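*Asks:* Take this structure, written in structure tokens, and hold onto it; I'll ask about it next.
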Amino acid sequence: MTKRSIFLASAAALALTGLATAGLAAADKSPAPTNASGAILTNVKAGTPTRMEYELRAKAYIFFIPATGRATFTTELMPDRYTIDSRVKVTGIADWFVNYDMNIHAEGETRDNELKTRTYVSQNKDGKKNRKVELAISDTDFTMNATPRFGNLGDPAATTEQVLKTNDPITALITFALEPRAPGADPCGGPIRIFDGRQLTYLHLKNAGTKRVDTPVWTGEAIECHVTMDKIAGYKKGEADNDNLTGIDGPLRMWLAPLDNGASVPIKIAADSKKIGDVTLTAKTLRFEPLVTTEAAAGQDVAKN
Numbered sequence: 005m006t007k008r009s010i011f012l013a014s015a016a017a018l019a020l021t022g023l024a025t026a027g028l029a030a031a032d033k034s035p036a037p038t039n040a041s042g043a044i045l046t047n048v049k050a051g052t053p054t055r056m057e058y059e060l061r062a063k064a065y066i067f068f069i070p071a072t073g074r075a076t077f078t079t080e081l082m083p084d085r086y087t088i089d090s091r092v093k094v095t096g097i098a099d100w101f102v103n104y105d106m107n108i109h110a111e112g113e114t115r116d117n118e119l120k121t122r123t124y125v126s127q128n129k130d131g132k133k134n135r136k137v138e139l140a141i142s143d144t145d146f147t148m149n150a151t152p153r154f155g156n157l158g159d160p161a162a163t164t165e166q167v168l169k170t171n172d173p174i175t176a177l178i179t180f181a182l183e184p185r186a187p188g189a190d191p192c193g194g195p196i197r198i199f200d201g202r203q204l205t206y207l208h209l210k211n212a213g214t215k216r217v218d219t220p221v222w223t224g225e226a227i228e229c230h231v232t233m234d235k236i237a238g239y240k241k242g243e244a245d246n247d248n249l250t251g252i253d254g255p256l257r258m259w260l261a262p263l264d265n266g267a268s269v270p271i272k273i274a275a276d277s278k279k280i281g282d283v284t285l286t287a288k289t290l291r292f293e294p295l296v297t298t299e300a301a302a303g304q305d306v307a308k309n
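Each residue of the sequence shown is one higher than the one before, counting from 5 in the numbering used here.
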């Protein structure tokens with residue numbers, strides 16, 4: 005993948021990375037929470053399974069010709085476990101962008117204040133390596149298998165102790181959006197600790213105040229966070245000196261929508277690049293709805309009979 009396309013892919017995955025429009029309030033657009041107000045993970049743990057549909061779209065221009073990116077996330081939250089399915093797709097112009105298409109699946113534990121990765125599978129289809137990565141993380145160890153294999157695991161490579169403190173990229177994004185913020189705590193939170201099977205990265209967020217943001221799914225005073233990165237392990241030697249995301253000049257800017265159900269969802273992400281100009285990702289879909297599990301459906305059938 006060329007450097008010109010890496011930003012769209014990495015930002016969308018952040019976005020890497022993770023909604024049809026929900027019900028709208030009279031003055032501001034915002035998803036109408038189906039659960040009682042409060043921390044959404046607490047409600048899920050208490051027995052309210054929930055599905056979250058989330059989509060980010062990006063657009064950039066090369067000599068006024070558009071290149072686009074799209075990242076979709078379907079998250080199913082159950083009292084003890086969760087699943088996330090995501091697709092990140094970038095399309096562009098031959099010799100300027102390569103087509104980039106990645107399918108990602110993550111599963112793990114639902115906790116009162118976070119999601120925790122147990123398994124992660126990513127399948128990249130870029131017409132070159134088309135690499136599949138399978139990652140499993142336990143309480144004490146992790147395993148990773150890549151096909152085709154990585155040439156190396158970086159200098160230095162990630163250690164077990166480091167990996168156990170992380171989540172996969174899409175779990176990291178979704179748990180960041182859903183985890184409760186304590187009263188008086190910095191709403192930008194962080195750091196976000198990410199491991200994709202090879203590269204281990206910390207994203208640091210700095211609170212830059214609030215700004216009114218208008219998107220298809222939410223309008224109102226959003227929390228502005230500036231994002232820089234710390235390349236901990238799994239990178240080429242010397243690559244850790246760059247504290248910005250690949251292809252970005254200056255910090256990435258992210259705006260969070262403080263929702264009534266306790267979530268703080270990124271609804272807009274923007275960055276500047278000398279190579280391709282301004283790039284903006286905007287939430288096009290954001291929806292929370294009750295999730296009917298197999299167990300719940302079976303219980304309802306028994307009750308009817």
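Just so it is clear, CB atoms sit at the ideal spot from N, CA and C, and this is done for glycine as well.
The structure presented is a predicted model; accordingly, all values stated were derived computationally and were not measured.
Look at N156 and D190 and say whether their C-beta atoms are less than 8 Å apart.
*Replies:* no
*Asks:* For E111, which of K132, T179 and I273 has the nearest alpha-carbon?
*Replies:* T179
*Asks:* What's the C-alpha gap between T87 and R61?
*Replies:* 22 Å
*Asks:* Helix, strand or coil: which one does DSSP assign to L168?
*Replies:* Coil, per DSSP.
*Asks:* By how many angstroms is the C-alpha of G213 removed from the C-alpha of C192?
*Replies:* 10 Å
*Asks:* Indicate the three-state DSSP secondary structure (helix, strand or coil) for A40 in the structure shown.
*Replies:* Reliability fails at A40, whose pLDDT of 35 lies under 50, so the model's placement of it is uncertain and the value that follows must be treated cautiously. In the three-state reduction of the DSSP assignment, A40 falls in the coil class.
*Asks:* If you measure between the beta carbons of R55 and L295, is that distance less than 8 Å?
*Replies:* Contact: yes.
*Asks:* Do I227 and W259 have their CB atoms nearer than 8 Å?
*Replies:* yes
*Asks:* Give me the Cα-Cα distance between D218 and E59, rounded to the nearest whole angstrom.
*Replies:* A straight line joining the alpha-carbon of D218 with that of E59 spans about 16 Å.
*Asks:* Are the stretch 144–152 and the stretch 72–84 in contact at 8 Å, needing three or more beta carbon pairs?
*Replies:* no
*Asks:* Are D116 and K49 close, meaning C-beta to C-beta below 8 Å?
*Replies:* yes
*Asks:* Can you look up L207 in the DSSP assignment and give me helix, strand or coil?
*Replies:* strand
*Asks:* Is it right to say E165 is buried, meaning 16 or more other beta carbons lie within 10 angstroms of its own, or is it exposed?
*Replies:* exposed
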